[in-house]
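Numbering (this note's numbering), first residue to last: 158 to 528.
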Ligand SMILES: [Ca+2]
């Protein structure tokens, strides 16, 4: 398999200069078996492994639940703050603190109404005790009030210094705000776990810039992964132009001044795909795949996936396996035989991949290698 891929790269290397993305056929897709572990999930959005048999997961209407995968039992966690479950909003991502096993602390993103009656994105911390949340604290409220319940972002990741990154989407109607630093539309945010601003954030000393901003010029980012080689984020384009970007502090990723997509109506958003001072994506997808989540797989259960980015997709109903080699994007489509919109992907502590399907009547699917 590996040899075949490498020889394909050599053969097509010169051709690929003009066609930057290589799509390979998917000889591995018959190498997996799928087992439904949970079903009847109500718009589940994200999950995290507490241990090999236990996950914590969110449902957009505002439910936080713990499931035992072997017993297939589900427990409800009480005292979740009220969320605004509307459009693309609701209870979104949940992640465990580094010290979760001693402090039971979690962080979670959601859309809700602020004290001025405006709809925006929130990030809170809390502890799980006796199947309920205690000490809930809002550690970030996006200065991104919106009329339309859309493009919240909401993805959370930790940097190696234990600061938190959060994606904050452009609100759909507020896309021009993604180019301005006085608001949180279309930004990646970096804060400390207590909500304070790290003193080395790129815009802390810049006038008229919000200090939580780490990078800007984004649209709706629903993939965020920190690896040994950097911070990788993907974002939905409009009609076409979904992107993966390598995120660095202070940089401008271009939306909506540059884009490889057009508006849903067919109108041109920008005639430009490149501009001085704006970053190019590592890759982009036209037509859109609607990327919904991403992991960097480092486990040993499926050797052919090791050290690959795995991107779940809603529109293309598959997982894109991506390797960045020699300036090329090598892609394969995985799991398309499921024929279902995929919302989230995680690897268990032992390296087994689980997929969460989108929408009402959702499923948690375990992926095993075919022996
Ligand atoms: Ca961009």
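Ideal placement from N, C-alpha and C gives every residue a C-beta, glycine not left out.
In the structure shown, residue 460 adopts helical secondary structure according to DSSP, grouped into three states. For residue 411, the Cβ falls inside the 6 Å cut-off from some heavy atom of ligand 1.
The alpha helix (DSSP H) runs of length 4 or more contained entirely in the region 204–261 are, from start to end of the chain, 257–260.
Separation of residue 450 and residue 259 (C-alpha to C-alpha, rounded to the nearest whole angstrom) is 28 Å.
At least one heavy atom of ligand 1 sits closer than 6 Å to the Cβ of residue 400. Around the beta carbon of residue 433, a 10 Å sphere encloses fewer than 16 other beta carbons of the protein chains shown; the residue is thus reported as exposed. For residue 310, the uninterrupted beta strand (DSSP E) run begins and ends at 310–315, by DSSP. Under the three-state reduction of DSSP, residue 196 is assigned to strand. Of the other Cβ atoms in all chains shown, fewer than 16 fall within 10 Å of the Cβ of residue 364; this residue is therefore exposed.
Taking the Cα of residue 463 as reference, the smallest distance to any Cα among 454, 205, 369 is reached at 454. Nearest to residue 360 by C-alpha distance, out of 375, 352, 350, 344, is 344. Counting only the Cα atoms, residue 445 lies some 33 Å from residue 223. Of the residues assessed, residue 356 falls on the exposed side of the cut-off, its CB having fewer than 16 other CB atoms within 10 angstroms.
Secondary structure of residue 491 (DSSP, three-state): strand. Remark: C-beta atoms of residue 190 and residue 527 approach each other more closely than 7 Å. Separation of residue 388 and residue 440 (C-alpha to C-alpha, rounded to the nearest whole angstrom) is 15 Å. By the neighbour-count criterion, in which 16 or more other beta carbons inside 10 Å mark a residue as buried, residue 468 falls on the buried side.
With contacts defined as CB atoms closer than 7 Å, residue 485 and residue 499 fail to qualify as a contacting pair.
By the criterion of at least three beta-carbon pairs nearer than 8 Å, the region 216–233 is in contact with the region 244–254.
At a Cβ-Cβ threshold of 7 Å, residue 325 and residue 289 do not count as neighbours.
Excluding residues up to 5 positions away in sequence, 324, 345, 378, 380, 381, 402, 404 lie with their Cβ nearer than 7 Å to the Cβ of residue 390 in the same chain. For residue 504, the enclosing beta strand (DSSP E) has its first and last residue at 499–504. Three or more pairs of CB atoms, one per stretch, sit closer than 8 Å, so the region 236–245 contacts the region 268–286. Scanning 203, 507, 465 for the CA closest to the CA of residue 384 turns up 465.
If you check the CB distance, residue 419 and residue 427 do not come in under 7 Å. The residues 396, in chain order, have a CB closer than 8 Å to that of residue 423 in the same chain once the five nearest residues on each side in sequence are set aside. With at least 16 other beta carbons inside 10 angstroms of its own, residue 471 counts as buried. Where residue 469 is concerned, the enclosing beta strand (DSSP E) starts and stops at 465–470. In this structure, residue 263 sits away from residue 278, with a CB-CB distance that is not shorter than 7 Å.
Rounded to whole angstroms, residue 309 and residue 244 show a C-alpha spacing of 10 Å.
For residue 297, the uninterrupted beta strand (DSSP E) run begins and ends at 289–298, by DSSP.
Bounds of the beta strand (DSSP E) holding residue 442 are 440–442. Residue state for residue 447 is assigned as coil, using DSSP reduced to three classes.
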